[in-house]
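Below: the structure, in structure tokens.
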Amino acid sequence: MTEKIGVYVCHCGSNIAGVVDVVDVANWAAEKLGHQGVVIARDYKFMCSSLGQELIEKDIKELGLTRVVVAACSPHLHEKTFRTAAKNAGLNPYLVELASIREQVSWVHTDKAVATAKSKAVVSGAVSRVIENRALDEIKVPINPNTLVVGGGIAGIQSALEIANAGFHVYLVEREPSIGGHMAQFDKTFPTLDCSACILTPRMVEAGTHPNITLLTWSEVVNVAGYVGNFNVTIKKKARFINEELCTGCGICQEKCPKKVIDDVYEAGLGYRKAVYTPFAQAVPNFPVMDKENCTYFEKGTCKACEKFCPTNAIDFNQQDELINIDVGNIVLATGYDLFDARRVSNYGYGRLPNVFTSLEFERLSNAAGPTSGNIVLRDGKTTPKSVGIIHCVGSRDRNFNNYCSVICCMQGLKFAHLVHERTGATVYNFYIDMRTAYKAYDEFYQRVLEEGTLFVRGKVAEVTDAARYSNERGKLIIQTEDTLAGKQRRIPVDMVILSSGLQPRKDAKEVGKLFGISCSMDGWFTEKHPKLDPVSTMTEGIYIVGCAQGPKDIPSSVAQGAAASARVLDKILQKEVALEPIKATVDQAKCSGCKICNGLCPFNAIAFIEDDKISYINPALCQGCGTCVAACPAGAISGTGFSNEQIIAQIDGLLLRNLEPAEA
Amino acid sequence: MTAKPKFAMYWAASCGGCEIAVLNTHEKILDVDANFDVVFWPVAMDAKYKDVEAMEDGSILLTLFNGGIRNDENEHLAKLLRQKSKLLVAFGSCACEGCIPGLANLSPVGEIVHTAYNTITTDNPNEIYPRTSYDVPEGELHIPTLAKVLRPLEQVVDVDYFMPGCPPESHQIAAVIDLVIKVVKGEAELPPKGSVIGVGDSTVCDECPRARNVKMIKEFKRIQDIAPVDSELCLLEQGIPCNGPATRSGCNARCPGAGAQCIGCYGPAEGVMDYGARLITAFSSVIDATTPEEIDHILDGIPDPTGQVYRFNLAGSLLKANREAWKVK
Chain W
1 MTEKIGVYVC
11 HCGSNIAGVV
21 DVVDVANWAA
31 EKLGHQGVVI
41 ARDYKFMCSS
51 LGQELIEKDI
61 KELGLTRVVV
71 AACSPHLHEK
81 TFRTAAKNAG
91 LNPYLVELAS
101 IREQVSWVHT
111 DKAVATAKSK
121 AVVSGAVSRV
131 IENRALDEIK
141 VPINPNTLVV
151 GGGIAGIQSA
161 LEIANAGFHV
171 YLVEREPSIG
181 GHMAQFDKTF
191 PTLDCSACIL
201 TPRMVEAGTH
211 PNITLLTWSE
221 VVNVAGYVGN
231 FNVTIKKKAR
241 FINEELCTGC
251 GICQEKCPKK
261 VIDDVYEAGL
271 GYRKAVYTPF
281 AQAVPNFPVM
291 DKENCTYFEK
301 GTCKACEKFC
311 PTNAIDFNQQ
321 DELINIDVGN
331 IVLATGYDLF
341 DARRVSNYGY
351 GRLPNVFTSL
361 EFERLSNAAG
371 PTSGNIVLRD
381 GKTTPKSVGI
391 IHCVGSRDRN
401 FNNYCSVICC
411 MQGLKFAHLV
421 HERTGATVYN
431 FYIDMRTAYK
441 AYDEFYQRVL
451 EEGTLFVRGK
461 VAEVTDAARY
471 SNERGKLIIQ
481 TEDTLAGKQR
491 RIPVDMVILS
501 SGLQPRKDAK
511 EVGKLFGISC
521 SMDGWFTEKH
531 PKLDPVSTMT
541 EGIYIVGCAQ
551 GPKDIPSSVA
561 QGAAASARVL
571 DKILQKEVAL
581 EPIKATVDQA
591 KCSGCKICNG
601 LCPFNAIAFI
611 EDDKISYINP
621 ALCQGCGTCV
631 AACPAGAISG
641 TGFSNEQIIA
651 QIDGLLLRNL
661 EPAEA
Chain Y
666 MTAKPKFAMY
676 WAASCGGCEI
686 AVLNTHEKIL
696 DVDANFDVVF
706 WPVAMDAKYK
716 DVEAMEDGSI
726 LLTLFNGGIR
736 NDENEHLAKL
746 LRQKSKLLVA
756 FGSCACEGCI
766 PGLANLSPVG
776 EIVHTAYNTI
786 TTDNPNEIYP
796 RTSYDVPEGE
806 LHIPTLAKVL
816 RPLEQVVDVD
826 YFMPGCPPES
836 HQIAAVIDLV
846 IKVVKGEAEL
856 PPKGSVIGVG
866 DSTVCDECPR
876 ARNVKMIKEF
886 KRIQDIAPVD
896 SELCLLEQGI
906 PCNGPATRSG
916 CNARCPGAGA
926 QCIGCYGPAE
936 GVMDYGARLI
946 TAFSSVIDAT
956 TPEEIDHILD
966 GIPDPTGQVY
976 RFNLAGSLLK
986 ANREAWKVK
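Line by line, the protein sequences give chains W and Y.
Residue numbers for the first sequence follow the numbering used here, beginning at 1 and rising by one.
Residue numbers for the second sequence follow the numbering used here, beginning at 666 and rising by one.
Structure below.
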């Protein structure tokens with residue numbers, strides 16, 4: 001049967017038409033691809049507009065088109081739009097093919113002739129392919145109303161609460177013993193100088209006690225199977241060595257534990273905790289965790305002080321890691337960030353010069369509940385600094401480390417300046433490259449800090465050293481910098497240096513991305529579906545990213561994203577079912593020799609081996625059409641709908657203009 | 666004198682194994698003689714090209730053509746026999762997909778000739794190489810000119826049927842001869858043109874008696890480096906790169922059955938466009954590695970990947986030749 005094919009070439013304003021001669025492409029398709037079945041080829045300003053769609057719908061109805069090719073943007077953007085238009089006109093949506101002449105042609109070429117020729121080839125490939133397309137029917141599957149939120153920082157908490165408050169169940173998984181994340185470590189938040197704990201802990205408690213939230217702390221996701229609406233997740237609940245049923249969180253075990261350990265996580269190495277501990281007083285849940293590595297009993301087989309004194313017999317040295325398996329419909333990733341390791345900028349001396357502090361160390365120093373009860377002192381624990389230098393952009397906007405701006409460091413540096421000024425009266429210098437105080441009330445805060453008398457030096461700091469050249473530098477840390485406003489080199493002696501370190505992706509972000517089937521950017525942040533219009537979705541349906549896992553951002557943005565992702569999740573839950581693309585793999589039973597090569601490959605466990613027939617079988621309900629087995633089958637016995645050999649070869653032949661008559665050289 | 670249909674067999678760039686395989690059908694060869702008039706078969710009887718040239722077009726019913734097209738003589742005979750034959754069968758791996766001679770397509774002709782005339786045992790101090798023409802008192806002598814690449818028969822002329830194998834198994838040859846005889850007698854019909862004949866419909870694994878499990882390969886090894894080889898278990902699972910999973914059935918899994926890995930002489934399974942690509946993706950899929958370094962290390966266990974996955978198929982692969990080159994020309 002000869003198909004009747006309509007070709008529609010979009011101008012996309014000047015996005016495509018500025019580089020590609022779209023009229024020529026349409027005329028060429030009508031003339032040269034007529035023998036393939038092209039009966040109409042049009043160009044239009046915006047194919048995706050309602051008028052553009054109507055044009056296609058009208059042609060389908062009036063000309064009886066059996067196939068449609070739209071030469072426009074990437075299928076990621078508008079494939080759905082045009083498939084829906086076809087459906088409205090009574091044509092099976094899978095008989096529509098998008099030829100990307102924007103992302104793959106006009107945006108990557110400047111030579112108009114070459115771009116036009118390439119567009120023709122791309123259109124030709126799509127025409128040849130669409131002939132081989134087959135009508136397919138969407139598959140509807142129910143959506144599990146439960147949601148998994150990974151990461152219990154402010155973004156994750158917000159997301160969990162929004163969904164739980166709407167009446168749906170949430171599993172909130174946190175790797176550390178308590179939820180709260182980085183925000184729980186801060187003293188004040190910029191620019192309002194709200195007490196961080198005061199605004200965070202009510203949310204933590206709400207999440208901890210919410211009837212719709214199952215809190216799983218000291219736990220990590222180890223496996224994710226399934227797809228949107230039907231994920232099956234395995235979570236490892238690490239042994240706390242505390243029976244949560246019996247523990248009242250009284251804290252006696254921590255009090256009696258004889259083993260002190262430097263707290264590298266919560267106290268940023270500035271304070272101690274016990275071997276059995278809750279990271280901080282307001283921890284949620286308030287059950288402690290036993291640190292097996294450092295516990296005297298686990299080390300030497302004797303002690304058990306905690307067990308002796310526990311009033312409820314909640315200590316359980318035999319507790320084992322537990323694997324919990326849950327079914328959820330959607331997953332929100334709020335896995336946060338790691339602080340840039342300031343040791344890497346060796347010329348700033350962190351780790352070598354005692355009075356150089358990281359931003360997180362300073363947060364703990366200035367925190368009333370921190371190791372110094374909020375006294376800002378030098379590393380000796382008692383001396384109040386008389387002068388403090390705060391260096392911005394440490395590890396950020398630096399091609400040696402990270403090219404990106406970490407967003408929060410300027411405001412963080414200003415907050416530090418204010419706190420130092422307020423608590424010590426010291427002279428404060430801020431060394432910045434550019435002052436970035438966008439967003440509400442941020443610049444006002446900058447003005448305030450300026451007025452408080454903080455000194456600002458514009459320039460990138462070259463070095464922090466204790467090698468004095470002049471008498472006034474003796475015993476001090478000297479900040480060597482270029483002052484680009486004064487146009488000279490300066491050496492500024494101070495007692496204390498604070499490095500406003502940038503943010504960077506979690507060190508295991510790549511593995512986590514792989515686990516959940518989403519990708520990372522070059523810098524390592526999780527990649528959103530669309531940088532502007534879909535910032536919390538990912539290319540994997542049903543997986544959302546919020547907070548700093550997606551990129552550096554401040555608390556308000558993290559909270560907003562947490563809430564935004566919840567809206568997306570609730571949208572899915574309330575739809576009750578989701579339409580899956582009918583892209584499935586099938587085994588040709590006659591060709592299958594039962595070699596079992598495919599058997600271990602399916603990420604969705606959709607392949608079974610039938611012992612009686614000695615062949616492999618793919619369960620269509622489980623198959624997600626990823627194509628792994630199709631590629632792996634050495635006998636070519638597995639084929640994937642929508643991506644058949646015929647379609648792919650036809651498209652290649654079309655791209656190479658082998659489909660033209662007479663053949664063009 | 667006879668109304669028997671005519672039969673021809675010719676060897677182009679091949680080793681002669683295919684002819685032996687035909688003779689290896691034992692008494693079945695007598696059926697050939699009984700049912701056919703053998704008009705041209707250089708290995709078995711004397712004949713001149715000019716005799717073939719003098720034949721009427723289409724007068725030979727069945728020609729089994731083995732060997733690839735390596736030089737202009739091969740090409741001339743391929744075209745000639747195509748013209749004279751009703752049924753032209755690409756017989757054996759060389760004619761079907763290039764086989765071992767096709768691996769020479771990895772090197773330019775000059776290099777091939779240089780290598781052949783400069784081996785360790787070849788003393789060639791004056792750097793003498795063959796010339797395609799040479800003047801002698803009696804006139805100009807010619808030897809065939811090597812083509813740039815070796816081409817399977819299908820890339821030179823239209824082919825009716827393909828019969829793979831290096832060589833085709835004798836029981837399969839016997840079955841095909843039986844079929845043609847039946848067709849001649851009107852008792853059977855020919856398969857559709859372009860079919861691969863004398864083969865099974867699946868892969869070697871289908872006929873292989875070895876036990877199979879889900880595969881997780883930590884290491885590839887040469888078979889001689891494994892002692893002892895488990896005689897019951899799938900060879901691939903033992904880390905021996907066995908080509909069986911990608912290779913068309915029809916040989917009764919002769920090699921794996923005898924304890925050696927399949928090397929792929931029966932070519933790709935039905936519908937597979939590129940044998941090597943299929944095989945290497947299959948191997949890669951079952952590598953059990955977590956880091957790129959580990960993957961490299963495991964794949965290093967296959968010292969000659971091209972020889973492993975394209976041993977018989979290089980000239981016929983998507984990479985090295987355009988299947989329909991003869992059409993364009």
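Ideal Cβ placement from N, Cα and C applies to all residues, glycine included.
Here the structure is a predicted model, which is why all the values come from computation and not from measurement.
- When rounded, the separation of the alpha-carbon atoms in residue 519 of chain W and residue 537 of chain W is 12 Å.
- Neighbours of residue 74 of chain W across chain Y, judged by C-beta separation under 9 Å, do not exist; the nearest C-beta is about 26 Å away.
- Residues of the segment 856-883 of chain Y with a C-beta atom less than 7 Å from some C-beta of chain W are 866, 867, 868, 870, 871, 877, 878, 879, 880, 881, listed in chain order.
- Residue pairing for residue 231 of chain W: DSSP places it in a beta bridge opposite W:226, W:328.
- Residue 562 of chain W places its beta carbon 8 Å or farther from that of residue 119 of chain W.
- Taken in chain order, the members of the segment 923-945 of chain Y whose beta-carbon sits within less than 8 Å of a beta-carbon on chain W are 933, 934, 935, 936, 937, 938, 943, 944.
- Taken through DSSP and simplified to helix, strand or coil, residue 489 of chain W comes out as strand.
- Approximately 7 Å separates the beta-carbon atoms of residue 429 of chain W and residue 494 of chain W; this is inside 8 Å, confirming the contact.
- In the three-state DSSP reduction, residue 368 of chain W falls in the coil class, being neither helix nor strand.
- Residue 9 of chain W and residue 30 of chain W do not touch by the CB rule: their CB atoms are close to 10 Å apart, not below 8 Å.
- Taken in chain order, the complete beta strand (DSSP E) segments of 3 residues or longer contained in the segment 267-301 of chain W are 271-274.
- Between residue 893 of chain Y and residue 901 of chain Y, the C-beta gap is not smaller than 8 Å, which leaves the two residues out of contact.
- Annotation: residue 609 of chain W is outside any alpha helix (DSSP H); the continuous beta strand (DSSP E) that includes it extends over 607-610.
- Contact between residue 596 of chain W and residue 877 of chain Y holds: CB atoms are separated by about 5 Å, below the 8 Å threshold.
- In this chain, the beta strand (DSSP E) harbouring residue 674 of chain Y covers 671-676.
- Interface residue (Cβ-Cβ distance to chain W less than 8 Å): residue 724 of chain Y is not classified as such.
- In the three-state reduction of the DSSP assignment, residue 429 of chain W falls in the strand class, which pools E and B.
- Only exposed fits residue 373 of chain W, as fewer than 16 other CB atoms lie within 10 angstroms of its CB.
- Boundaries of the beta strand (DSSP E) around residue 5 of chain W: 5-10.
- For the pair residue 151 of chain W and residue 539 of chain W, the Cα-to-Cα distance works out to about 20 Å.
- Around the Cβ of residue 386 of chain W, a 10 Å sphere holds fewer than 16 other Cβ atoms; the residue is exposed.
- Check the Cα spacing between residue 337 of chain W and each of W:545, W:470, W:323: the tightest is with W:545.
- The segment 57-68 of chain W and the segment 99-108 of chain W do not touch, with fewer than three beta-carbon pairs separated by less than 8 Å.
- With respect to chain Y, the C-beta atom of residue 329 of chain W has no partner C-beta closer than 8 Å.
- Residue-level contact check: residue 593 of chain W touches chain Y, since one or more beta carbons of chain Y fall below 8 Å from its beta carbon.
- Between residue 686 of chain Y and chain W, the shortest Cβ-Cβ separation is not below 8 Å.
- Taken through DSSP and simplified to helix, strand or coil, residue 140 of chain W comes out as strand.
- Taken through DSSP and simplified to helix, strand or coil, residue 306 of chain W comes out as helix.
- Scanning W:289, W:282, W:285 for the CA closest to the CA of residue 274 of chain W turns up W:289.
- Between the alpha carbons of residue 76 of chain W and residue 110 of chain W lies a gap of roughly 23 Å.
- When W:69, W:163, W:145, W:157 are compared, the shortest CA-CA separation from residue 182 of chain W is found for W:157.
- Under the three-state reduction of DSSP, residue 589 of chain W is assigned to coil, being neither helix nor strand.
- Contacts between residue 743 of chain Y and chain W, judged by CB atoms closer than 9 Å, are missing: the closest CB pair is about 24 Å apart.
- Residue 911 of chain Y belongs to the set of residues whose beta carbon lies under 8 Å from a beta carbon in chain W.
- Between the C-alpha atoms of residue 601 of chain W and residue 633 of chain W there is a straight-line separation of about 10 Å.
- For the set W:402, W:312, W:477, the Cα lying nearest the Cα of residue 388 of chain W is the one of W:477.
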